[in-house]
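Under numbering that gives the first Met the number 0, the letters of the sequence shown match residues 0 to 102, in that order. Backbone N, C-alpha and C fix where the C-beta goes; we use that ideal spot for every residue, glycine too. Because the structure is a prediction, the values reported are computed rather than measured.
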Amino acid sequence: MAKELLSDLKIKAWIKKPTSTSLHDGGGLYLRLRSGGAYWAIRQVNPLTGTRTWASLMPKQPYPEASLSDARKAATDAHALTGKNTDLVRDKRAKLVAIRAKE
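Dropping the structure here:
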């Protein structure tokens with residue numbers, strides 16, 4: 000991670016009174032506010048199209064179930080993959096299709 004701008008105290012204050020739809024921790028890691036809670040995501044560049052996209056890190060675990068330290072570790076792992084020109088969104092879809100094909 001490049002920067003670590005957030006703390007649990009800042010996140011809890013933001014959730015009570017959000018000033019935007021996302022909160023940036025640095026290095027592409029964001030906490031995004033959704034109707035079901037606040038979820039972790041990273042901002043990536045699609046290697047095929049060059050467009051910026053969101054890739055959710057732990058879509059089934061809202062904050063605080065998925066902690067700040069968990070999100071930072073997941074973002075570090077995701078950045079290791081994106082360095083290899085991996086589109087995280089398409090990669091997750093392909094894995095889901097493979098799992099469903101086995102069922």
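For residue 65, the secondary structure class from DSSP, reduced to helix, strand or coil, is coil.
For residue 87, the uninterrupted alpha helix (DSSP H) segment begins and ends at 87-101. Assigned with DSSP and collapsed to three states, residue 47 falls in coil, not helix or strand. A contact between stretches requires three or more CB pairs, one per stretch, nearer than 8 Å, and the segment 86-94 meets this requirement with the segment 46-62. For the pair residue 32 and residue 6, the Cα-to-Cα distance works out to about 16 Å. Of the residues 2, 3, 13 and 4, the one whose Cα lies closest to the Cα of residue 63 is 13. In this structure, residue 41 places its C-beta atom within 9 Å of the C-beta atom of residue 29. Across the set 47, 27, 17 and 46, the C-alpha of 27 shows the shortest separation from the C-alpha of residue 56.
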